Every structure is written in C-alpha cells, then in structure tokens.
Amino acid sequence: MKAVVCTELNKITVEDVELDPPKQGEVKIKMAATGVCHSDLSATNGTIPLPLPLVLGHEGAGIVAEVGPGVQNVQPGDMVILTFVPNCGDCFHCIRGEAHLCRAVPPTGRQADGTSRVHLKGKDLAAFSALGCMAEEAVVPAISVVKVKQDVSPRVAALIGCGVTTGVGAALKTARVKPGSSVAVFGCGGVGLSVIQGARVAGADQIIAVDLAPNKLEMAIKFGATDTVNGSEGEPAAKVRELTSGRGVDYGFDAIGVPAVIEQCYRATRRGGTTTVVGVGKVTESVQFNALLLALEGKTIHGCNYGSVNPREDFPKLISLCERGKLDLEGMITTTYTIDDAPQAFEDMKNGTNARGVIVFD
Ligand SMILES: [Zn+2]
Ligand SMILES: [Zn+2]
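Anchor point for the sequence shown: position 40 equals 40 in this note's numbering, and the numbering is continuous, going up by one each time.
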C-alpha cells in the first residue's frame with residue numbers, strides 16, 4: 001500500500017510500504033482523508049525532531065478495518081478520527097482532566113511496545129505520532145482513535161484530528177475567550193483560521209487577524225476576523241494596540257511559533273490579558289520577555305497543546321458545531337489531492353496557497 005514518507009530531511013516521496021496486522025491494543029484503519037498539516041512539514045525539515053525515515057500524517061479519519069486482541073472501544077466498520085495525542089483515560093494527566101497531555105504512547109514514532117508496524121523494503125519506518133496516516137492504511141493504538149458518527153464527511157472529520165481542534169480549542173478551552181472580548185490572531189494558516197472561528201463561536205466582539213500574506217488576511221475575514229493587520233507594514237503589536245484604544249487585546253494568539261512573532265503577540269496583549277502560544281517553534285529557539293514588565297503587566301502566558309481538548313469529549317462537539325453551521329470546516333478545505341500528489345501538497349503549503357489541503361483516498 002502507498003504511504004507518504006520523509007526518507008531524509010527535506011525529502012518527501014510516495015512509497016510502496018508493508019504494513020503488519022494490528023497487535024494487542026491496536027487497530028488497522030483504512031484511511032478516508034488526511035489533512036496536510038504544517039507539523040508534517042516541520043517533521044520533514046527538522047523543526048520538530050522526529051526519527052527518519054518517517055511515515056507522515058497525524059490528521060486523519062477513516063474506517064476501522066481490523067482490530068487486534070483486547071480492543072474494546074471500536075470495531076470493524078466504525079468511522080473514527082485519529083488523535084495524535086493518545087487518550088488512555090487512565091494516566092496521571094487523563095485522570096486530572098488533562099487528556100491533551102496524555103503520554104500513554106511515547107512520542108518516538110513507534111507503537112507503545114517500542115516497535116514499528118510499517119516497513120519499507122523490510123526496514124522499519126517510524127510513524128508520525130504512532131499514526132502515520134498519510135497512507136492508504138495505518139495500524140495505530142486503539143487509544144489513538146475516537147469513534148464518531150458514521151455519516152460525518154471524512155474530509156471534515158480529518159481536519160478535526162489536528163488543525164481545527166488545536167485552533168478552536170485554543171480559543172474555547174485553553175484561553176476560554178469570553179463574549180464581548182477582543183482577540184488578535186498572529187498567523188492565518190489552518191490553525192490560525194481555526195482560532196478565529198473559535199473566537200467567533202465564543203462571541204468575541206473584535207477579532208484582529210495578523211499575517212504577512214494578503215490572501216490569508218482575506219480568508220481571515222471570511223472566517224470571522226473583524227480587522228486585519230498586514231505584519232509587513234510596520235510593527236504589528238503597535239497596530240493591534242491602535243485598533244484597541246491603545247490597550248492591546250484581551251486575548252492574543254500566536255499560531256506561528258517564531259520567537260519574534262510570539263514576542264509581538266505578547267506585546268499586542270493588554271495588561272492583565274492572556275497570550276496563548278499555539279504555534280510550534282524550533283527546539284533550538286527561545287523567546288524573550290522583559291523581566292520587569294513580565295511581573296508588572298500581570299499577563300498570563302498559556303502554552304496550548306492540542307487545544308487543551310479531550311478528544312473523546314470534544315471531537316463530537318466540534319462535528320456538531322460544524323453540522324449546525326457554527327463552524328465552517330468545509331470552507332477551509334481549499335484543495336484536495338490524491339496520495340500521489342502529496343509532494344505537491346507540501347509545495348503548496350510552503351507557498352501558502354491553501355487554508356487547508358486534504359489528501360482524499362478512494
Ligand atoms: Zn497537525
Ligand atoms: Zn492518558
């Protein structure tokens with residue numbers, strides 16, 4: 001079967017790979033749709049350090065084809081969304097209501113027992129988040145799938161696996177945006193647009209989109225931004241403050257992960273406000289805050305992993321918001337690709353042409 005593999009840094013190819021049957025506590029999924037997420041790109045260029053060669057893909061939905069021994073939560077034929085953070089329900093974090101921090105599957109690209117289920121010419125491949133779902137089929141931990149309603153649109157469901165959940169969750173669950181508040185979102189790719197939608201659902205009064213690309217700012221307006229700031233025209237934090245009576249926003253969101261942008265986002269947040277960092281930065285980089293102002297301005301800085309969601313609880317809610325027209329996920333899918341076109345999908349992402357590109361399987 002075909003899989004999209006990062007064989008070495010900056011090299012993405014479609015390969016014919018071999019897949020083992022599911023072992024204890026694992027399931028085989030026939031993929032229906034897989035989103036092309038910026039974190040996949042980050043794995044290919046070393047920003048996110050993952051072992052190579054690696055099967056890409058961590059944002060997907062499909063049908064359970066086979067279950068291994070001991071699997072209770074799903075059965076063949078079920079429609080599922082893959083979750084790149086497992087959901088064991090039983091670990092230190094899960095029992096404290098922090099399911100988004102569950103570490104029941106280590107982030108090594110291997111299955112829970114430390115071995116691999118997918119191979120290229122007999123050689124083990126790692127799988128992104130133990131999923132590797134940019135492939136026709138994937139064997140994954142059963143605790144990394146969430147059963148959802150059977151008739152959900154697979155490509156919409158796929159987006160819920162990462163970008164949408166991360167962005168909408170950042171607004172609704174990490175920052176808990178209040179009705180009538182002001183919001184600035186730095187970076188208007190798939191995640192940033194989802195933050196904008198989340199802020200809109202939360203009833204934010206003013207949503208300021210910040211990006212360098214005019215086409216992304218146009219998309220931001222379509223998804224709920226009330227104001228736009230082109231970051232290439234002067235200091236964006238100053239522009240955001242100008243738009244908020246000189247104060248800054250109640251809630252700033254970084255959806256880029258670049259230190260200079262995180263610092264801008266913090267400066268664009270008002271005294272006493274909340275800055276939420278959603279963007280995934282480089283492991284080698286650090287962010288600087290003024291040591292005096294950090295205390296005096298009384299701001300809160302939140303790290304946001306997976307929108308602070310509990311996948312089992314929140315995936316169905318996100319589907320419902322979508323079906324009732326409160327979230328527009330279909331509108332975020334600007335291009336669909338076959339698996340053979342995956343390298344092009346990554347080129348398009350680098351060029352910023354898509355809100356979200358999705359690989360759709362037959
Ligand atoms: Zn992702
Ligand atoms: Zn857990």
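Note that the Cβ used here is the ideal one computed from N, Cα and C, for glycine as well.
It should be emphasised that the depicted structure is a prediction, and the values quoted were computed from it without experimental measurement.
Annotation: the continuous alpha helix (DSSP H) that includes Asn351 extends over Ala342 to Asn351. Inclusion of Ala130 and Val105 in the CB contact set at 7 angstroms is warranted, their separation being smaller than that value. In this structure, ligand 2 has no non-hydrogen atom nearer than 6 angstroms to the beta-carbon of Cys133.
Ligand 1 has a heavy atom closer than 6 angstroms to the beta-carbon of Glu59. Comparing alpha carbon positions, the residue from Lys178, Val4, Leu9 and Ala157 closest to His119 is Val4. Membership of Phe128 in any beta strand (DSSP E) is not indicated, and neither H nor E is assigned to it by DSSP.
The C-beta of Ala220 has 16 or more other C-beta atoms within 10 Å across all chains shown, which makes the residue buried.
Those residues whose C-beta sits under 5 angstroms from the nearest heavy atom of ligand 2 are, from N- to C-terminal order along the chain, Cys88, Cys91, Cys94, Cys102 and Ala104. Under DSSP, the beta-bridge partners assigned to Val277 are Asp254 and Gly303. The beta carbon of Arg110 sits closer than 6 angstroms to the beta carbons of Ser116 from its chain, once the five residues preceding and following it are set aside; these are given in chain order. By the C-beta density criterion, Asn310 is buried, having at least 16 other C-beta atoms within 10 angstroms. Distances from the alpha-carbon of Arg270 to those of Lys282, Ala255, Val240 and Gln288 put Val240 closest. Here Ile359 is buried, its C-beta having at least 16 other C-beta atoms within 10 Å. In this structure, Ser39 has its beta carbon less than 6 angstroms from a heavy atom of ligand 1. A distance below 7 angstroms separates the beta carbons of Ile81 and Ile160. Secondary structure at Met219: helix, using DSSP grouped into helix, strand and coil. Comparing C-alpha distances from Glu285 to each of Pro259, Leu101 and Leu318 shows the shortest one belongs to Pro259.
It is roughly 12 angstroms from the alpha-carbon of Gly60 to the alpha-carbon of Thr165. In this structure, the alpha-carbon of Leu296 lies about 15 angstroms from that of Arg247. The Cβ atoms of Arg200 and Gly180 do not sit closer than 7 angstroms to each other.
About 7 angstroms separates the beta carbon of Arg356 from that of Thr334, a gap short enough to meet the 8 angstroms contact definition.
Shown here, Leu120 sits in a strand according to DSSP, grouped into three states. At the C-beta level, Ala142 and Asn73 come within 7 angstroms of one another. In terms of side-chain proximity, the C-beta atom of Cys322 is found no nearer than 6 angstroms to any non-hydrogen atom of ligand 1. Take Val145, set aside five residues on each side of it, and the residues of its chain with a beta-carbon closer than 8 angstroms to its own are Val27, Ile29, Val64, Asn73, Val74, Val80, Ile81, Leu82 and Thr83, in chain order. Annotated as distal: Tyr251 and His100, with beta-carbon spacing of 7 angstroms or more. The DSSP-derived three-state label of Leu82 is strand. Not a single heavy atom of ligand 1 lies less than 6 angstroms from the C-beta of Cys304.
Closest by C-alpha distance to Val71, out of Lys23, Pro49 and Gly35, is Lys23. Within 6 angstroms of the C-beta of Cys162 there is at least one heavy atom belonging to ligand 1. The Cβ atoms of Thr47 and Lys282 lie closer than 7 angstroms to each other. Residue range Gly190 to Ala202 is occupied by the alpha helix (DSSP H) that includes Ile196. Residue pairing from DSSP places Asp211 in a beta bridge opposite Asn230.
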